[in-house]
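*Asks:* Residue numbers (the numbering used here): 912 to 1175.
The C-beta atom is built at its ideal place from N, Cα and C for all residues, glycine as well.
These numbers come from a predicted model, not from an experiment.
First, the structure itself, so that you have it in front of you.
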């Protein structure tokens, strides 16, 4: 995995980044995170968050902020730890971008006929896949699942948000995962949904743009508010350049997007 981000900082700013792979994703024999302001190294504070995520906090003055992350991961086998009642409860609640309460009536009218059980989340993702057009640049950072449904188009986070909101509206716990996605085109950070399948989390991707078996977890949360790759805590920062690369050794796996796949 590799990402290279460039920001123009007008005044002093504090930023939080979620770029490093989660500690649950596997062994990292090689990993480097480097941040510089006008070429000078900056101190970085690492904060551990839920589900193995890592937030890196940096404070800097005005100038050009360069952020580079490189990592090589030996994937860990998925651990089928049981979903706790607390996790399920949080994953059923409405959130900033996934207003399941606002979509409850729509879901009950349009989708309540979908079969109960483990296959319901896959059926919801299939519906979202057919309903939405994947169109880069078609949405903004403030667009919600309701906006996406009305517009009928979006990018990966919009597909994931609508899938999650509809799952929650129909009683299926769901959450968002930011990942590196080998095989994704166009290449970028990627967002998918994790849904409760009996007593474990399985990953579903309504975009179907990358095989789920090769995804690498970065951050996990209720929606994009918890998993954004970069957040301005204070000050002002403008993203100028962004490059993301993810690949795997050997051939990419074939994914029919119907079988159960879990992430480490």
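Give the secondary structure of residue 1160 by DSSP, where H, G and I count as helix, E and B as strand, and everything else as coil.
*Replies:* Numbered from its first residue, the chain shown carries residue 1160 at position 249. It is coil, neither helix nor strand.
*Asks:* DSSP three-state call for residue 950: helix, strand or coil?
*Replies:* The residue you call residue 950 lines up with position 39 of the chain shown. Here residue 950 sits in coil by DSSP.
*Asks:* What's the call for residue 1134, buried or exposed, on a 16-neighbour Cβ count within 10 Å?
*Replies:* Within the chain shown, numbered from 1, the residue matching residue 1134 stands at position 223. Residue 1134 should be labelled buried.
*Asks:* Which stretch, first to last residue, makes up the beta strand (DSSP E) that contains residue 1048?
*Replies:* Position 137 of the chain shown, counting from 1, holds the residue named residue 1048. Where residue 1048 is concerned, there is no enclosing beta strand (DSSP E), given that its DSSP letter is neither H nor E.
*Asks:* Whole angstroms are fine: how far does the CA of residue 916 sit from the CA of residue 952?
*Replies:* Counting from one through the chain shown, the residue named residue 952 turns up at place 41. Counting from one through the chain shown, the residue named residue 916 turns up at place 5. So the two alpha carbons sit approximately 15 Å from each other.
*Asks:* Can you tell me whether residue 920 is buried or exposed, with buried defined as 16 or more other CB within 10 angstroms of its CB?
*Replies:* Numbered from its first residue, the chain shown carries residue 920 at position 9. The residue is buried, with at least 16 neighbouring Cβ atoms inside 10 Å.
*Asks:* Does the Cβ of residue 1147 have 16 or more other Cβ atoms within 10 Å, making it buried, or fewer, making it exposed?
*Replies:* Locating residue 1147 in the chain shown gives position 236, counting from the first residue. When all chains shown are included, residue 1147 counts as exposed.
*Asks:* Helix, strand or coil for residue 1165, going by three-state DSSP, please let me know.
*Replies:* Residue mapping note: residue 1165 aligns to position 254 of the chain shown, counting from 1. Of the three classes helix, strand and coil, the one that applies to residue 1165 here is coil, per DSSP.
*Asks:* As a quick exercise: from 924, 984 and 978, pick the residue whose alpha carbon is nearest that of residue 1160.
*Replies:* The sequence position of residue 1160 within the chain shown is 249, counting from 1. Cα-wise, what sits closest to residue 1160 is 984.
*Asks:* At the level of alpha carbons, what is the spacing between residue 1084 and residue 1158?
*Replies:* Start at 1 with the first residue of the chain shown, and residue 1084 comes out as number 173. Start at 1 with the first residue of the chain shown, and residue 1158 comes out as number 247. One C-alpha to the other measures close to 30 Å.
*Asks:* Residues in the same chain with beta-carbon distance under 6 Å from residue 1099, minus the five sequence neighbours each way, listed in chain order, please.
*Replies:* Reading the chain shown from its first residue, position 188 is the one you call residue 1099. For residue 1099, where only same-chain residues beyond five positions count, the Cβ hits under 6 Å are 1155.
*Asks:* Say the cut is 6 Å; is the CB of residue 970 nearer than that to a heavy atom of the ligand ADP?
*Replies:* Ligands in the displayed structure: none, and consequently the ligand ADP is not present.
*Asks:* Quick one: give me the first and last residue of the alpha helix (DSSP H) that residue 1077 is part of.
*Replies:* As a position in the chain shown, residue 1077 is number 166, starting the count at 1. It spans 1067-1080 - the alpha helix (DSSP H) in which residue 1077 sits, taken as one unbroken run.
*Asks:* With DSSP collapsed to three states, give me the class of residue 973.
*Replies:* The residue you call residue 973 lines up with position 62 of the chain shown. Coil.
*Asks:* Can you tell me which of 969, 1021, 914 and 936 puts its alpha carbon nearest to the alpha carbon of residue 1144?
*Replies:* Residue 1144 sits at position 233 when you count from the first residue of the chain shown. When each option's Cα is compared against that of residue 1144, the closest is 969.
*Asks:* From the DSSP output, read off the bridge partner residues of residue 1126.
*Replies:* Here residue 1126 is taken as the residue at index 215 of the chain shown, counted from 1. Residue pairing by DSSP leaves residue 1126 without any beta bridge partner.
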